[in-house]
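One line per chain: the protein sequences are P and W, in this order.
With the first letter of the first sequence counted as 1, position 886 gets the number 886 in the numbering used here; the numbers rise by one all the way through.
With the first letter of the second sequence counted as 1, position 93 gets the number 93 in the numbering used here; the numbers rise by one all the way through.
Just so it is clear, CB atoms sit at the ideal spot from N, CA and C, and this is done for glycine as well.
Nothing here was measured: the structure is a model prediction, and the numbers come from that model.
Worksheet for the structure shown next.
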Amino acid sequence: MKKILLSLALVFSGTFLFAQQTYPVNGSYDIRQGMYAFTNANIVVNANQTISNGTLLIKGQTIQSVGSGTAIPKGYVVIDLKGKYIYPSLVDAFTSYGVTEASRQGAGGPRQSIFISTKKGAYGWNEAIRPETHVNTIFAIDTKKADDLRKAGFGSVNVINRDGISRGTSSAVTLSDERENSIILKPEASANYSFNKGTSQNDYPTSLMGSIALLRQTYYDAQWYGKQKEEYNISLEEFNKQQNLPQIFEADGWQNILRADKIAKEFGKQYIIKSTGDEYQRIDAVKATGASLIIPINFVKAYDVEDPADARAVTLTQMKGWEMAPTNPGVLEKAGIRFSLTAYGLDKPGDFWTNIRTAIDNGLSQKQALLAVTEVPAAMIGISDKVGTIEKGKLANFIITSDSLFKKNNLVLENWVQGKRFITYQKNEKDTVSKTAAKKEESKSNLSTGSLIYPFTAFGNASPLKQESVLLKNATVWTNEKEGILQNADVLLENGKIKSVGKNLSAGNAKVIDATGKHITPGLIDEHSHIAGTGGINEGAQSSSAEVRIADIINSEDVNIYRQLAGGVTTSQILHGSANPVGGQAQLIKLRWGKLPEELKFAGSDGFIKFALGENVKQSNFGTGARFPVTRMGVEQSFVDQFTRAKEYKAAMAAKGSTARRDLELDAIVEILDNKRFITCHSYVQSEINMLMNVADSLGFKINTFTHILEGYKVADKMKARGISASTFSDWWAYKMEVAEAIPYNGKIMHNVGITTAFNSDDAEMARRLNQEAGKAVLYGGVPEEDALKFVTLNPAKMLHIDNKVGSIKAGKDADVVIWSAHPLSIYAKAEKTFVDGISYWDISRDEQVRKEQNTERARLIKKMQDSKSKGGKTQRPVAESPRMYHCETVEDYSLELNESERTHTHE
Amino acid sequence: MNRYFLTLFLAAATAVSGFAQANISPAPAQSKQTCILGAKLHLGNGSVIENGYLIFDKGKITAIGDATVVRLDFTKNEVIQANGKHVYPGFIAPVTNLGLAEFESVKASLDFSEIGNLNPHIRSIVAYNTDSKVPATLRSNGVLMAQVTPQGGTVSGSSSVVQLDAWNWEDAAIKKDDAMHLNWPVTPKIRPGFGNRGPALSPELLKERTQNSINELEQLFAEAKAYSETAKPAVTNARLAAMKNLFNGTQRLFIHVDEQKDILAAVNFAKKHQITPVVVGGDEAYLVTDFLKQNNVSVVVKQPHALPNATDDDVNMPYKNAAVLVNAGLNVVVSIDGYWQQRNLPFMAGTVAAWGLDPEKALQTITLNTAKVLGIDKRTGSLEMGKDATFFISSGDALDMRTNHVEKAFIQGRDINLDNLHKQLDKKFSDKYNAQKP
């Protein structure tokens with residue numbers, strides 16, 4: 001037996017049965033019959049069926065029969081596999097095998113002023129949309145990688161050119177080393193997408209929300225393209241042609257799964273989503289998408305935390321992520337989600353088996369594991385008629401193993417690809433290595449894991465906090481209503497609403513909280529915030545980015561949500577930045593810590609959009625200064641142009657039988673014209689404020705709010721005349737030229753003139769103490785205290801059009817209230833409890849408990865990582881992370897950062 | 001209540017300085033002995049006199065005490081009746097680029113960060129701009145002195161202490177070149193990648209870079225020490241010469257450093273050169289209080305109005321940090337970043353008081369403790385006899401923005417003008433709108 005194996009391996013060195021007909025041969029033809037009979041094997045036909053002592057007949061690249069007791073016809077080479085196993089070879093639905101992975105270099109920074117495609121030809125305007133890329137035209141066999149993959153047991157893979165947002169078609173290929181002509185199973189296997197613009201040199205998009213907007217616009221453009229005759233566009237034409245293929249979307253993390261799925265639903269698609277393996281964190285939400293998933297098993301290495309000081313650099317999220325990631329495949333299985341596994345992202349394909357066994361130890365069934373590496377991926381890329389199981393008529397793609405596939409000591413002995421034999425295991429070479437490896441794994445014992453928390457970060461809760469009926473007794477209640485400030489009063493919260501306010505209320509079934517000596521105010525409302533977003537808050541590559549939506553990038557896992565609850569904030573308007581005159585659409589959220597991104601959104605609120613004026617828009621302090629506009633004169637014309645076009649667009653769309661192209665940017669502007677979307681405009685000096693008011697008057701739109709509005713005090717009468725609200729800083733100035741005359745009396749003057757005035761944060765730190773900022777209205781100009789508190793409660797509610805729900809303490813309004821330890825405008829006031837919808841998301845005494853438990857959990861995980869290291873587990877060095885904070889002016893490049901980090905990762 | 005109060009009622013002039021003067025000129029020298037009567041005196045050393053008197057003459061405090069138990073001769077005094085009001089020592093803003101910057105985004109107005117990595121010869125005092133519009137906005141909240149500090153590089157240069165009512169920097173200086181500022185080389189934090197991927201530079205490489213910078217520092221200090229002991233150096237070196245006073249103890253070494261391991265390394269570095277440093281920043285000082293105490297190290301705590309250092313940290317840790325350190329027995333100074341922001345310094349101390357420190361001790365962190373660290377406590381920092389008459393009167397608790405209301409302020413006995421650009425603009429436009437009213 002041994003002899004046969006070796007000699008056969010030598011024989012098969014260059015020729016094959018199905019050599020291409022069209023290729024000339026240098027010498028005599030040497031075509032073999034390629035007829036083999038594998039006998040006495042345990043044949044795992046598929047995940048449900050195993051034939052023991054079976055026989056497999058193949059001829060050329062095809063399986064002829066599989067069964068037991070099969071008579072072997074003459075002319076077959078018989079290979080006796082007694083005690084061995086035959087499995088379908090593995091299929092990977094997500095690889096970049098055989099294409100060069102190009103990645104954009106970071107030298108030029110995020111903004112290079114490249115506004116349209118640099119690619120020559122009749123292609124689309126943006127290089128990130130490259131559906132014209134077809135892998136079958138660029139694929140070339142990579143013998144080294146093929147060898148690695150075959151050794152891990154793979155027989156066929158989907159080859160994706162991982163570049164761009166619309167990435168074109170992939171090809172399904174086998175891992176044979178014959179000519180490309182014979183190994184491409186399906187030249188167009190899937191159409192591929194991501195949020196990463198890849199090597200595109202265009203500035204746009206710089207942000208995740210820009211990527212989302214660009215992809216959505218591309219779908220609309222493609223629909224329009226199919227119905228028009230004036231333009232020829234290869235990109236859109238190819239895009240349309242690919243719509244019936246399987247659609248594979250590479251997304252990072254469960255939140256991006258939800259984002260991708262939202263796009264899919266908008267256009268009647270169902271993506272197959274390749275993700276990162278954190279789905280266990282929100283398995284229900286992931287399941288609800290209905291998407292099939294391609295899941296990596298590149299579990300993170302333990303952090304080297306022998307020194308406790310180093311452990312401080314590792315977050316609870318990272319520690320728990322290390323512990324829980326291996327449970328992910330099992331969790332997906334239990335949830336009934338269809339998924340395949342990919343070797344993508346592993347340091348080396350050889351780690352595949354180690355990690356898949358880890359996943360099995362952590363709850364993945366062997367049957368599901370087999371499905372996830374054979375039939376499921378084959379079906380995903382439409383090659384299940386050829387591979388994935390061992391059936392008559394399918395390709396002779398199978399592996400021979402020494403044992404049952406998932407056993408620890410199992411070896412992949414041979415990998416047959418299209419009937420061609422590859423010896424994948426040389427006996428005398430690696431024996432000792434794999435045995436010791438197996439031993440190590442056996443000593444890994446402690447499988448007890450901590451529990452999930454929501455959100456999956458510090459201060460997350462193991463179980464959802466409950467809405468309570470609560471009677472807050474005997475406090476000083478700042479109602480913000482005509483009742484004013486009530487002494488020794490009660491507030492009853494029920495079913496998420498304020499049930500009643502007054503003296504000596506009866507508790508009924510409500511839990512009573514004694515608030516004697518304390519103050520109760522409505523929850524604070526921040527008109528201008530940039531927390532709880534991800535992938536950049538500025539899409540500043542063009543002078544208008546009205547098409548982008550903060551709604552698309554809400555990040556429920558941001559610890560700043562919790563930190564701000566600790567400062568009494570309950571509602572925040574998350575705004576686009578101020579890099580361009582027309583920014584993106586805003587999203588109002590409630591700080592519902594632990595809920596999903598969608599659940600954070602303030603239901604039924606009006607849509608807002610960020611506009612901006614001044615230095616940021618002009619790019620005075622950053623950028624190349626090549627993007628229009630660079631003066632306040634140009635800023636005016638940006639708005640004039642935008643609204644003029646929007647009016648024309650509106651008319652064109654309304655025309656009977658209109659074939660006008662849907663434009664997401666102008667849609668948002670039309671909404672403003674129709675009073676369905678409202679402007680909040682970042683503004684500084686009086687000239688520009690005056691300018692925008694005049695533009696609005698002349699083009700027939702309204703300005704709802706001026707935000708920042710630091711020279712509002714100079715034009716307060718003009719604002720008042722137009723009913724415009726103001727949301728400003730209490731005392732910021734001197735941080736740039738346009739705040740040379742910003743004064744802390746600004747709020748007071750505007751308030752006295754009769755403008756609805758608020759103080760906002762624009763800063764994750766300041767938002768933690770907006771009540772103190774309101775206190776500064778008392779310091780600078782002596783605003784009455786009751787009015788001053790309204791600067792951060794009722795007034796922002798009014799300008800956000802939500803004062804019918806929040807902003808005051810009144811029966812029927814949302815139960816968003818704060819209990820303060822002292823006078824709420826005082827430096828000494830601490831928020832002791834913050835309720836949103838009657839749920840106490842912040843409780844200063846519970847927080848102490850949570851921190852204690854968190855420290856215990858961290859200690860447990862540190863110990864576990866130390867154990868793992870001492871048993872020889874791989875580790876990585878912890879590096880402290882500085883958190884990502886966004887302000888108005890934050891300009892970054894989502895894709896560039898993705899590429900940067902990925903490049904480093906590959907080089908590790 | 002002292003019965004003399006009544007008889008002196010007429011003498012109690014509380015003249016408010018003229019509003020909205022075009023020029024805000026430095027005040028002339030004190031001409032007459034003055035007595036502040038009846039106020040709650042917050043001495044800045046932890047004590048309080050509920051109903052006190054404070055007499056000052058020729059710029060110095062000449063008498064202070066409990067007004068209910070002494071008999072005072074008021075004939076020689078101008079008297080300021082301040083019943084129910086509060087008197088505080090002038091607050092001192094440590095480690096600020098006040099007067100070195102006017103508009104953060106305008107390069108021409110920035111004078112705090114020089115080119116070069118090792119700049120011990122750079123001196124802030126010569127660039128301090130007494131005509132900046134900013135100091136007047138701080139005075140009206142009680143901040144009357146500042147340590148004007150250069151930034152940037154590993155060794156940024158020397159700070160100087162100034163008072164905030166002066167014609168020019170020579171006038172302003174209280175103590176020139178009080179401290180040398182060193183930014184301890186640290187491994188930079190990375191920003192978390194999207195999609196949980198690794199950092200852009202390998203941790204090993206980052207660590208190596210840090211160590212190289214520390215090695216450079218070691219060499220600089222060793223050579224400077226040797227240079228200071230050389231009677232006639234072969235080559236004159238301005239950098240090394242500027243470090244002389246570090247080794248003879250007349251200039252302090254302020255090391256800007258935050259994390260526990262780095263704090264240990266920085267303090268040990270200084271000790272090796274026989275220097276007792278002051279730690280500035282000290283985010284994680286609370287984790288190494290014993291060590292700091294053993295080494296007699298003062299800490300200038302970064303602004304309490306800050307986000308926690310790490311995601312997993314107590315969300316209120318920055319508020320609590322200073323109190324933890326004071327209660328551990330350290331000499332603690334509270335600071336705030338920036339220059340225009342310094343008008344919020346009082347509220348930093350207020351925050352510290354709200355989160356665990358006795359209010360008078362909290363006051364100390366922006367008065368006497370600061371003076372000690374800057375080496376000016378013999379002449380200022382508290383209300384004590386013989387010290388500079390640098391203090392102010394507030395109608396309410398000055399550590400709380402709700403009640404901070406500075407009515408009068410004195411610097412070295414001079415009755416300073418509390419007007420500022422912001423009050424002037426407020427008046428200009430409030431007048432406009434008032435005139436519009438029917």
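Q. With which residues is VAL477 (chain P) paired in a DSSP beta bridge?
A. Walking along the first sequence from the start, residue 477 (chain P) turns up at place 477. In the DSSP output, where bridge partners are listed per residue, VAL477 (chain P) has P:LEU486 and P:ILE520.
**Q.** Interface partners of GLN854 (chain P) on chain W, CB under 9 Å
**A.** Translated into positions along the first sequence, residue 854 (chain P) becomes position 854. Those within 9 Å of GLN854 (chain P) in chain W are ASP312.
(Q) With H, G and I counted as helix, E and B as strand and the rest as coil, what does DSSP make of GLY583 (chain P)? (A) Numbered from its first residue, the first sequence carries residue 583 (chain P) at position 583. Strand.
Q | Close beta carbons around SER430 (chain W), own chain, < 6 Å, minus the five adjacent residues each side | A | On the second sequence, residue 430 (chain W) is found 430 positions in, with the first residue counted as 1. So the list is empty, once near-sequence residues are dropped.
Q | Span separating the alpha-carbon of ILE679 (chain P) from that of ILE703 (chain P) | A | Position 679 of the first sequence, counted from the start, is the residue given in the question as residue 679 (chain P). Position 703 of the first sequence, counted from the start, is the residue given in the question as residue 703 (chain P). So the two alpha carbons sit approximately 5 Å from each other.
Q. What residues from the segment 640-670 of chain P come within 8 Å of chain W, judged by C-beta to C-beta, listed N to C?
A. none
Q.
Using beta carbons (cut-off 8 Å, strictly below), is GLY108 (chain P) in contact with chain W?
A. Counted from its first residue, the first sequence places residue 108 (chain P) at position 108. Reliability of the predicted coordinates at GLY108 (chain P) is poor, the pLDDT of 43 falling under 50, and the value obtained from them is presented with this limitation in mind. Answer no: the Cβ-Cβ gap between GLY108 (chain P) and chain W never drops below 8 Å.
Q | With 16 other Cβ atoms within 10 Å as the buried cut-off, status of TYR88 (chain W) | A | For the purposes of this step, residue 88 (chain W) is taken as residue 88 along the second sequence, with counting starting at 1. The residue is buried, with at least 16 neighbouring Cβ atoms inside 10 Å.
Q: For LYS387 (chain W), count neighbouring C-beta atoms within 10 Å of its own C-beta (all shown protein chains included) and say buried if the count is 16 or more, exposed if not.
A: Position 387 of the second sequence, counted from the start, is the residue given in the question as residue 387 (chain W). So LYS387 (chain W) counts as buried.
Q: Can you say whether ILE31 (chain P) is buried or exposed, counting buried as having 16 or more other CB atoms within 10 angstroms of its CB?
A: Your numbering for residue 31 (chain P) matches position 31 in the first sequence. The residue is exposed, with fewer than 16 neighbouring Cβ atoms inside 10 Å.
Q: With 8 Å as the threshold, decide whether the Cβ of LEU357 (chain W) is near any Cβ in chain P.
A: As a position in the second sequence, residue 357 (chain W) is number 357, starting the count at 1. Judged by the 8 Å Cβ criterion, LEU357 (chain W) is not in contact with chain P.
**Q.** Start and end residues, beta strand (DSSP E) containing ARG677 (chain P)
**A.** Taking the first residue of the first sequence as 1, we reach residue 677 (chain P) at position 677. Per DSSP, ARG677 (chain P) belongs to the beta strand (DSSP E) from 677-682.
Q: Determine the chain W residues that contact GLY27 (chain P) at a beta-carbon separation under 8 Å, and present them in chain order.
A: Taking the first residue of the first sequence as position 1, residue 27 (chain P) is located at position 27. Near GLY27 (chain P) there are no residues of chain W at all, since even the closest Cβ is about 50 Å away, more than 8 Å.
Q. Going along the chain, which residues of its own chain have a beta-carbon closer than 8 Å to the beta-carbon of LYS503 (chain P), five neighbours each way excluded?
A. Locating residue 503 (chain P) in the first sequence gives position 503, counting from the first residue. LEU486, ASN488, ALA489 and ASP490.
Q | Residue span of the beta strand (DSSP E) that contains SER194 (chain P), given as start and end | A | Numbered from its first residue, the first sequence carries residue 194 (chain P) at position 194. It spans 191-194 - the beta strand (DSSP E) in which SER194 (chain P) sits, taken as one unbroken run.
Q.
Would ARG402 (chain W) pass as an interface residue toward chain P - the criterion being a Cβ-Cβ separation below 8 Å?
A. Your numbering for residue 402 (chain W) matches position 402 in the second sequence. Yes, its Cβ sits closer than 8 Å to a Cβ of chain P.
Q | Inter-residue Cα distance where the pair is GLU741 (chain P) and TRP733 (chain P) | A | Locating residue 741 (chain P) in the first sequence gives position 741, where the first residue counts as 1. Locating residue 733 (chain P) in the first sequence gives position 733, where the first residue counts as 1. Their backbone Cα atoms lie some 7 Å apart in a straight line.
**Q.** Which listed residue (P:GLN64, P:THR728 and P:SER68) has its alpha carbon closest to that of GLY54 (chain P)
**A.** The residue labelled residue 54 (chain P) in the question sits at position 54 within the first sequence. The candidate whose alpha carbon is nearest that of GLY54 (chain P) is P:SER68.
Q | Secondary structure of MET317 (chain W), DSSP reduced to three states | A | Here residue 317 (chain W) is taken as the residue at index 317 of the second sequence, counted from 1. DSSP places MET317 (chain W) in helix when its eight states are reduced to three.
(Q) For HIS296 (chain P), would you say it is in contact with chain W, using Cβ-to-Cβ distances shorter than 8 Å as the test? (A) In the first sequence, the residue the question calls residue 296 (chain P) occupies position 296. The amino acid at residue 296 (chain P) is misidentified as His; the sequence shows Pro. Closer than 8 Å: no.
Q: Name, going along the chain, the residues of the segment 251-275 of chain W whose beta-carbon falls closer than 7 Å to a beta-carbon of chain P.
A: GLN260 and LYS261
Q) Of all the residues that make up the segment 807-836 of chain P, which are near chain W by a beta-carbon distance shorter than 9 Å? A) SER821, ALA822, HIS823, LEU825, SER826, ILE827, TYR828, ALA829 and LYS830
(Q) Can you list, in chain order, the residues of its chain with a C-beta nearer than 8 Å to that of GLU284 (chain W)? Leave out the 5 residues immediately preceding and following it. (A) As a first step, residue 284 (chain W) must be located in the second sequence, where it is residue number 284. Excluding sequence neighbours, GLU284 (chain W) sits near ASP258, GLU259, GLN260, ILE263 and ASN309.
Q.
Can you check whether the C-beta of VAL305 (chain P) is within less than 8 Å of a C-beta belonging to chain W?
A. In the first sequence, residue 305 (chain P) corresponds to position 305, counting from 1. No, because no Cβ of chain W sits closer than 8 Å to the Cβ of VAL305 (chain P).
Q) Tell me the DSSP bridge mates of HIS934 (chain P)? A) This structure leaves residue 934 (chain P) out entirely; chain P is present only between 1 and 908.
Q.
Relative to the C-alpha of ASP304 (chain P), which candidate in P:VAL314, P:ILE574, P:LEU825 and P:ALA626 has its C-alpha closest?
A. For the purposes of this step, residue 304 (chain P) is identified with residue 304 of the first sequence, where counting begins at 1. Checked all of P:VAL314, P:ILE574, P:LEU825 and P:ALA626; the closest Cα to ASP304 (chain P) is P:VAL314.
Q) So which residues on chain P does LYS189 (chain W) lean against when the C-beta distance must stay under 7 Å? A) By 1-based counting over the second sequence, the position of residue 189 (chain W) is 189. Residues of chain P passing the Cβ test: ALA880, GLU881 and SER882.
**Q.** Rounded separation between ALA242 (chain W) and PRO120 (chain W) - CA only
**A.** Here residue 242 (chain W) is taken as the residue at index 242 of the second sequence, counted from 1. Here residue 120 (chain W) is taken as the residue at index 120 of the second sequence, counted from 1. Whole-angstrom Cα-Cα distance: 6 Å.
Q.
Under 8 Å: do the segment 578-589 of chain P and the segment 803-812 of chain P share three or more Cβ pairs, one atom per stretch?
A. no
Q.
Can you give me the C-alpha to C-alpha distance between GLU688 (chain P) and ILE709 (chain P), rounded to a whole angstrom?
A. On the first sequence, position 688 is the one that residue 688 (chain P) refers to. On the first sequence, position 709 is the one that residue 709 (chain P) refers to. Cα to Cα, GLU688 (chain P) sits roughly 10 Å from ILE709 (chain P).
Q. Comparing the C-beta of GLY614 (chain P) with each C-beta of chain W, is any distance below 8 Å?
A. For the purposes of this step, residue 614 (chain P) is taken as residue 614 along the first sequence, with counting starting at 1. Cβ-Cβ to chain W under 8 Å: no for GLY614 (chain P).
Q) Would a check of beta-carbon distances place THR457 (chain P) closer than 8 Å to chain W? A) The residue labelled residue 457 (chain P) in the question sits at position 457 within the first sequence. Judged by the 8 Å Cβ criterion, THR457 (chain P) is in contact with chain W.
Q) Which residues mark the beginning and the end of the beta strand (DSSP E) in which GLN219 (chain W) is found? A) Residue 219 (chain W) sits at position 219 when you count from the first residue of the second sequence. GLN219 (chain W) -> not in any beta strand (DSSP E); alpha helix (DSSP H) instead, spanning 203-228.
Q: Note down the Cα distance separating LYS222 (chain W) from LYS272 (chain W), rounded to an integer number of angstroms.
A: On the second sequence, position 222 is the one that residue 222 (chain W) refers to. On the second sequence, position 272 is the one that residue 272 (chain W) refers to. First, the residue type needs correcting, since residue 222 (chain W) is Ala and not Lys in the sequence shown. Their backbone Cα atoms lie some 10 Å apart in a straight line.
Q: Have a look at VAL235 (chain W) and HIS86 (chain W) and give me their C-alpha separation to the nearest angstrom.
A: Translated into the one-based positions of the second sequence, residue 235 (chain W) becomes position 235. Translated into the one-based positions of the second sequence, residue 86 (chain W) becomes position 86. Going from the Cα of VAL235 (chain W) to the Cα of HIS86 (chain W) covers about 56 Å.
Q. Going along chain C, which residues have a C-beta under 7 Å from PHE103 (chain W)?
A. Absence of chain C from the displayed structure is noted, the protein chains being P and W.
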